[in-house]
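Student: Here it is, the structure in full.
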Amino acid sequence: MPSVNLRHSVRAIILNEDERILLCRFAIPEPAGTVVWAAPGGGIEPGETPLAALSRELREEVGLAVTTDPPHVWHQEVVAPGYAEGYDGVINDYFLVRTAAFKPRGTLSDDQLAAENISGLKWWHPREIASYAGADLFSPRDLASSLTALINAGAPSGPVRLGL
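Those letters in the sequence shown? Residues 0 to 163, by numbering that gives the first Met the number 0.
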């Protein structure tokens, strides 16, 4: 089997006191018009630990400082051409961050966020995700059920493997 080049990323499941999750709105250029709501985070830079990358990404995208090591709750591997530009797919490791609700505003400018395809931030309740009937997608696709299970059962002893 040929080796695949996967982008290693970290993402935060940021939950507030009302069990709402903070998601980024990604307007993906190809296919045109694709909008995906996903947890904030991004690629791990060379020489960077996953938790250092998570801390950096959350500061940049939403303005949240992570002061403790959050539990690693989900692991996702997606091998799909075009899923991550320049890669054969992505590995996403998700960490649970609980916080009081806040107005998200990171250190990146609107232009810098747009360069990363981020066009908005929104707090969502799992019921809103489950009942959403619009054209936008969620990542992972089963976010509502995975999130509900996480809220109901708490952080697992090891990361749960997710699908696409």
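Glycine is no exception: its CB is placed at the ideal position from the N, C-alpha and C atoms.
Note that this is a predicted model, so its numbers are computed, not measured.
1) Could you name the residues that DSSP lists as bridge partners for Ser156?
2) Compute the Euclidean distance between the alpha carbons of Pro39 and Val61, then round it to the nearest angstrom.
3) Any idea what DSSP makes of Leu149, helix, strand or coil?
4) Use the C-beta contact count for Val65: other C-beta atoms within 10 angstroms, 16 or more gives buried, fewer gives exposed.
5) Among Leu149, Leu163, Asp135, which one has its Cα closest to the Cα of Ala31?
6) Who are the Cβ neighbours of Asp68 in its own chain at under 7 Å, not counting the five residues just before and after it?
7) Going by beta-carbon coordinates alone, are Ile13 and Leu53 separated by less than 8 Å?
8) For the beta strand (DSSP E) that contains Arg19, what are its first and last residues?
9) Does DSSP put Ile43 in a helix, a strand or coil?
Tutor: Walking through what the data contain:
1) Note: Ser156 sits in no beta bridge, so no partner.
2) 8 Å
3) helix
4) buried
5) Asp135
6) Leu50
7) no
8) No beta strand (DSSP E) holds Arg19; DSSP gives it neither H nor E.
9) coil
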